[in-house]
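Enquirer:
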Ligand code: SF4
Ligand code: SF4
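Numbering (the working numbering), first residue to last: 6 to 316.
The following block contains the structure:
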């Protein structure tokens, strides 16, 4: 199954891109899911859309946690924690990014585990072409995937944009095909990975949850300075992990930005994260100048801890 996540800002056409890709996969006889997730309902807010496509049944639902392809239409989203652009990326995840910065720089900045490809955008030369970004992203993604033909892409765009003026449809087709053609040199770089299956799933049995008396379950706190007792670390779904090899020990940066004062300085000058009170906002990940802080899913951190692997 192909899992594709598209990141952009409201108004940049990521919904259109996912619709076009979904329609094109469907025309190539794939089972398809395509859906969009909006943040704040306003232009410019980070949004993402996703597409799943498989030759068989798709039993997976919800957001794509481990994408095979991440398409980023706006590179200013990368440092925005709420956008979660690199979430779940592995060494097999292809990052396609619309940016004037080189792939090597992105690899270095993001500590990106997989291939990074820059979208061959004509808009940097001609900003009036911003309205065609969705079709361009879909065309470039289709070129990288290699399972969608040029004719199918063209037909999917015509179908999805059918209510538009013929000239606008024609321009979208032209830009999408140009992006497709430029990406075919990498055709097939995006691979289908079947990481999970619903086969053999056992439904959990009934779990009896004990309840406490209200005097225990809802205590009133009258003492001051008790916030340390509130383990905000329990809110965390992503954990910041510091790579000491890359860390410059400029602890005034991460330490000052942490809204929960969860970063202190150890005797060796390196920052320490208080995981009992780090709520996982990932502001430190975005602010660290040499990108020495990685965000890993708590579930993965738990597995690493169990194996005694370094965190
Ligand atoms: S900001 Fe980054 S490099 Fe600087 S001390 Fe914190 S983790 Fe290290
Ligand atoms: S993730 Fe947020 S709360 Fe945790 S250490 Fe980083 S900035 Fe502080």
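Ideal placement from N, C-alpha and C gives every residue a C-beta, glycine not left out.
All of these numbers come straight from a predicted model, not from anything done at the bench.
For residue 261, which residues of its own chain have a beta-carbon under 8 Å away from its beta-carbon, when the five flanking residues on both sides are left out?
Expert: Hits under 8 Å: none found.
Enquirer: With respect to 7 Å, is the separation between the Cβ of residue 264 and the closest non-hydrogen atom of ligand 2 below this value?
Expert: Residue 264: yes, Cβ under 7 Å from ligand 2.
Enquirer: CA-CA distance, residue 39 and residue 56?
Expert: Cα to Cα, residue 39 sits roughly 4 Å from residue 56.
Enquirer: Looking only at C-alpha atoms, which of 287, 32 and 27 sits nearest to residue 157?
Expert: Taking only the C-alpha atoms, the option nearest residue 157 is 32.
Enquirer: Going by the CB atoms, is the gap between residue 18 and residue 50 shorter than 8 Å?
Expert: No, the Cβ-Cβ distance between residue 50 and residue 18 is not below 8 Å.
Enquirer: Excluding the five sequence neighbours on either side, which residues of its own chain have a C-beta within less than 8 Å of the C-beta of residue 196, listed in chain order?
Expert: If we look at residue 196 and ignore the five residues flanking it on each side, its Cβ neighbours are 73 and 97.
Enquirer: Pull the bridge partners of residue 51 from the DSSP assignment, please.
Expert: Answer by DSSP bridge pairing, in chain order: 14.
Enquirer: Taking the Cβ atom as the reference point for each residue, do residue 54 and residue 11 lie within a distance shorter than 8 Å?
Expert: Yes, these two residues count as a Cβ contact at 8 Å.
Enquirer: DSSP three-state label for residue 138, please.
Expert: Of the three classes helix, strand and coil, the one that applies to residue 138 here is helix, per DSSP.
Enquirer: Sorted by chain position, which residues of the same chain lie with C-beta nearer than 6 Å to residue 296's C-beta, five sequence neighbours on each side aside?
Expert: Closer than 6 Å at Cβ, skipping near neighbours: 114 and 116.
Enquirer: Following the continuous alpha helix (DSSP H) through residue 261, name the residue where it begins and the one where it ends.
Expert: Per DSSP, residue 261 belongs to the alpha helix (DSSP H) from 256 to 262.
Enquirer: Considering just the uninterrupted stretch of the alpha helix (DSSP H) at residue 23, what are its terminal residues?
Expert: Taken as a continuous stretch (DSSP letters only), the alpha helix (DSSP H) holding residue 23 covers 19 to 32.
Enquirer: Buried or exposed for residue 66, please, with buried defined as at least 16 other CB atoms from any protein chain shown within 10 angstroms of its CB.
Expert: Answer is exposed; the Cβ neighbour count stays below 16.
Enquirer: Where does residue 232 sit, in a helix, a strand or coil, going by DSSP?
Expert: Helix, per DSSP.
Enquirer: Look at the alpha carbon of residue 90 and the alpha carbon of residue 274, and state the distance between them as a whole number of angstroms.
Expert: Straight-line Cα distance between these residues: approximately 31 Å.
Enquirer: Closest to residue 178 by C-alpha separation, out of 187, 192, 166 and 110, would be which residue?
Expert: Of the candidates 187, 192, 166 and 110, the one whose C-alpha sits nearest the C-alpha of residue 178 is 166.
Enquirer: Is the CB-CB distance between residue 237 and residue 284 below 8 Å?
Expert: Yes, the pair counts as a contact, with Cβ atoms nearer than the cut-off.
Enquirer: Excluding five sequence neighbours on each side, which residues of the same chain lie with their C-beta closer than 6 Å to the C-beta of residue 280?
Expert: Taken in chain order, the residues that qualify are 238.
Enquirer: Run through DSSP, which three-state label would residue 288 get?
Expert: Helix at residue 288.
Enquirer: Strictly by DSSP, which residues pair up with residue 7?
Expert: Answer is 58.
Enquirer: Sort 264, 272, 103 and 254 by Cα distance to residue 294 and report the nearest one.
Expert: Measuring from the Cα of residue 294, the nearest candidate turns out to be 254.
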